[in-house]
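Each residue of the sequence shown is one higher than the last, beginning at 4 in the numbering used here. In this text, a Cβ means the ideal position worked out from N, Cα and C, and glycines have one as well. Since this is a predicted model, take the numbers as computed values, not measurements. Written out below as structure tokens is the structure these notes cover.
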Amino acid sequence: MRIIGLAGWSGAGKTTLLTRLIPHLTGQGLRVATIKHAHHAFDVDVPGKDSFAHRQAGATQVLVSSARRWALMTELRDAPEPELAFLVAQLNPADLVIVEGFKREAHPKIEVFRVANGKPWLHPDDPWIRAAASDTPPEGLPHAALDDIPAVAELVLRLAVPV
């Protein structure tokens, strides 16, 4: 497996870019997995579901399975948030793992940047940012336009490193 990240401020277009990149890459025959860093209050389960009741009752792990998909939820309780390397190790084998978020973790990243967001570039303070997908070229980094999916995919494939 190889890994690359997309890093950027909220509203820069990371998810939009990723949802356009995935079909392009899978269309080339690649198996793509993603890891998304979420806000601390996120939940994939809802009150009223049996799995939610299991977790509320104290189960540390609940695995839900059907004929279409399965999901494993692990309650951290007082344990620290897992590091990216641990999460990658939980994935089934894939050709490419694209990480959205985890901007403080040490892995190669492409910065997603929009001028209209009004935020500063991340790359001057992050040595792991190797390129940018943006609406304006950065100084000193390889660059692809946000809407040029083939060019962004080429950066992804060139910069991804083995896990």
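(Q) Give me the DSSP bridge partner(s) of residue 9. (A) 103, 113
Q) What is the DSSP secondary structure of residue 122, reduced to helix, strand or coil? A) coil
Q. According to the neighbour-count rule (16 or more other Cβ atoms, all chains shown, within 10 Å of its Cβ), is residue 52 buried or exposed?
A. exposed
Q) For residue 134, which three-state DSSP category applies? A) strand
Q) Under a CB-based cut-off of 8 Å, is residue 135 close to chain D? A) Checking the listed chains, one finds no chain D in this structure; it contains a single protein chain.
**Q.** DSSP-derived helix/strand/coil call for residue 69
**A.** coil
(Q) Mapping the DSSP letters down to three states, classify residue 39 as helix, strand or coil. (A) strand
Q: Kindly give me the distance between the Cβ atoms of residue 152 and residue 100, rounded to whole angstroms, as I take these residues to be in contact under 8 Å.
A: The distance from the Cβ of residue 152 to that of residue 100 is about 19 Å, inconsistent with a contact at the 8 Å cut-off.
Q: Identify every residue that forms a DSSP beta bridge with residue 77.
A: 64
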